[in-house]
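Chains as they are written, first to last, in our numbering: chain A, 183 to 533; chain B, 7 to 298.
Beta carbons are placed, not taken as given, at the ideal position from N, Cα and C, and that holds for glycine.
Each remark here refers to the structure printed beneath this line.
Right under this line is the structure:
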């Protein structure tokens, strides 16, 4: 029995469907990310779990208890809001202790747990500051401490890192994960940043137009996207439209006069398909030695990597190679391109 | 208020001659319409006065001494301030919840009710005061009801003045509170709920403290305007229940003792300023750190 369960959950605003028939089972201690572009219904899903948006159809159960109709202030979930939503008129100490005071936790115990929570987010020295005297990252930590201090069964994070600058975001993202590991709270995070979702989640739920289109572990999600949308949204990819020319265990797909061998599971001759080839899976080799040849059109230096745009018979391909200290390919250089046989993924067109 | 509007406050990058020229009309207006009469009143308050011969040459502090030592005047000052204070309190108690309810209303209703709240400002003060005197008078429905309940007559009592003042001043409380409610992050309320706070606890411990700056600035406006109000006390307080503004009017127009009237007016201004500035200071100090 899953710890938190969404069964056929839908949300309509009048005739407008925001979330449609969402099913999700979250195990205790799991870190789940809801990933999707804006307007895909991920925040609404979180709001329904939190109790701030009514569920039109379906059921939400928490630890066997049906909480579909429960009031938000009886659910006891910890929530970190995108705007942090700290109480501006209270010090950090009072912000964190608020939930404990509302639960009538006795004073010395309250003080002890407040200190503990602030120590967890490394803010013990800031207890007497007001929120507006803190930096964005510090406010974020206060919000996290305030949500965790009540020891919630589930922690909900609504785009928790989107207001931080890039470097801080990366730092906080790993810290968030290590805090979550340390206390083992079941966590659901909403995000539109695929890197964030992939790096710290146990499982990622990709949402699109109110539906969960794929639920998988980050590595599987990245390597085996089920639709062209997911393969584009989760990481970068080269999308190659083609037609199956030969079915079988190893099928062949024709693209621009080239025949590429792919895993033939469930393919029929004549099927229109998309092939997805990740930029980092492409390997530069000597001209004529690879599966196809290309010419470097542009190159970008990304610090740890080089990104090339290559003109090939199949159109423009993007390739990313690590900056290993050797001289990069020159603009206009002719190169051969190769890849390991099973890194080319087949996606049904229109799926 | 007018000091703020008239002070040369240049917009960013408007400096030097254009700024001076731009603020010239307002400055002139301010000087002629506010400072000059005020200065003349101040001078007048030091003039010597004799009931038989009128204003005499020379200067004296006699008028001020009269006001500050005569229990008749002191009582009027005291009454003015407690009536204003009570009016402010009632405005807070009525206006703050009103602003909260307004901010919670749906789209068409909010505009309609905001207009209702502001409507007192659209009707002449004198008309409204007469309206209240009809309602509260011995033949009015409220006056009769009070009589029937054994409360005695309402008109020409402090209660009548406070009712009238609250009606006039309410918009000045609702608008600042409403503004500070608009600035609230709606997620803050949700955060309180998620931490197990009840609706009342959220209102009391999260929303109210954040609207305090609005409530406090509303109180300043209401208190200041009430303490210097004339029409409502004159019409609802009658001939015997005086407030400072009505006694100033009496001194000028009935007693013809202009210097005494001027002295009372100056004292009202000073007392009002002192109360409001010290109040503002306390407020500023307690909210500068948390709410900025």
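Asked, Found
"Please give me, in chain order, every unbroken run of the alpha helix (DSSP H) with length at least 4 that falls completely inside the stretch 177 to 201 of chain B.", "192 to 200"
"Check distances from the C-beta atoms of the stretch 179 to 204 of chain B to those of chain A and list, in chain order, the residues that come in under 8 Å.", "191, 193, 194, 196, 197, 198, 199, 200, 201, 202, 203 and 204"
"Quick one: list the residues of chain A neighbouring residue 109 of chain B, beta-carbon separation under 7 Å, in chain order.", "Going along chain A, no residue has its Cβ under 7 Å from residue 109 of chain B, so there is no contact; the nearest lies around 17 Å."
"Distance check for residue 357 of chain A and residue 318 of chain A, CA to CA, integer angstroms please.", "15 Å"
"Are the C-beta atoms of residue 400 of chain A and some chain B residue less than 8 Å apart?", "no"
"CA-CA distance, residue 334 of chain A and residue 175 of chain B?", "47 Å"
"Residues of chain A with CB closer than 7 Å to the CB of residue 212 of chain B, please, in chain order.", "269"
"Span of the beta strand (DSSP E) holding residue 261 of chain A?", "260 to 262"
"Is residue 281 of chain B near the ligand FMN, in the sense that its beta carbon is under 7 Å from a heavy atom of that ligand?", "Because no ligand of any kind appears in the structure shown, any question about the ligand FMN cannot be addressed here."
"How big is the Cα-Cα spacing for residue 235 of chain B and residue 251 of chain B?", "6 Å"
"Applying the criterion that 16 or more other CB atoms from any shown protein chain within 10 Å of the CB defines a buried residue, is residue 456 of chain A buried or exposed?", "buried"
"Take the Cβ of residue 190 of chain A as the centre, count every other Cβ of all protein chains shown within 10 Å, and call the residue buried at 16 or more, exposed below.", "exposed"
"In chain B, which residues lie less than 7 Å from residue 280 of chain A when you measure between Cβ atoms?", "201"
"Identify, in the order they occur along the chain, each residue of the same chain with its Cβ nearer than 6 Å to the Cβ of residue 158 of chain A, setting aside the five sequence neighbours on each side.", "This structure cannot settle anything about residue 158 of chain A, because the visible part of chain A is limited to 183 through 533."
"DSSP three-state call for residue 488 of chain A: helix, strand or coil?", "strand"
"Of all the options A:272, A:195 and A:449, which has the alpha carbon lying nearest to the alpha carbon of residue 226 of chain A?", "A:195"
"In three-state DSSP terms, what is residue 222 of chain A?", "coil"
"How is residue 292 of chain B classed by DSSP in three states: helix, strand or coil?", "helix"
"With a threshold of 8 Å between beta-carbons, can residue 295 of chain B be considered close to chain A, or not?", "yes"
"Going by DSSP in three states, residue 302 of chain B sits in which element: helix, strand or coil?", "What the structure shows of chain B is the stretch from 7 to 298, and residue 302 of chain B is not part of that stretch, so it cannot be assessed."
"In whole angstroms, give me the CA-to-CA distance for residue 150 of chain B and residue 119 of chain B.", "30 Å"
"Let me know the alpha helix (DSSP H) ranges lying completely inside the stretch 369 to 450 of chain A, each 4 residues or longer, listed in chain order.", "376 to 382, 400 to 405 and 410 to 415"
"Out of B:88, B:53 and B:243, which has the shortest C-alpha to C-alpha gap to residue 161 of chain B?", "B:243"
"Going by other Cβ atoms of all chains shown within 10 Å of its Cβ, with 16 needed for buried, is residue 323 of chain B buried or exposed?", "Since the first residue shown for chain B is 7 and the last is 298, residue 323 of chain B is missing from the structure and cannot be characterised."
"Can you list, in chain order, the residues of its chain with a C-beta nearer than 8 Å to that of residue 79 of chain B? Leave out the 5 residues immediately preceding and following it.", "72, 73, 253 and 270"
"Report all residues from its chain with a CB closer than 6 Å to the CB of residue 499 of chain A; omit the five preceding and five following residues, and keep chain order.", "420 and 492"
"Using 8 Å as the limit for Cβ to Cβ distance, is residue 114 of chain B near chain A?", "no"
"In angstroms, rounded to a whole number, what distance separates the CA positions of residue 205 of chain B and residue 30 of chain B?", "52 Å"
"Does the beta-carbon distance from residue 282 of chain A to residue 297 of chain A come in below 8 Å?", "no"
"Which term fits residue 447 of chain A, buried or exposed, when burial requires 16 or more other beta carbons within 10 angstroms of its beta carbon?", "exposed"
"Under a Cβ-count criterion, where at least 16 other Cβ atoms within 10 Å of its own Cβ denotes burial, should residue 184 of chain B be classed as buried or exposed?", "buried"
"Take every Cβ of the stretch 496 to 515 of chain A, pair it with every Cβ of the stretch 449 to 465 of chain A, and state whether three or more of those distances are shorter than 8 Å.", "yes"
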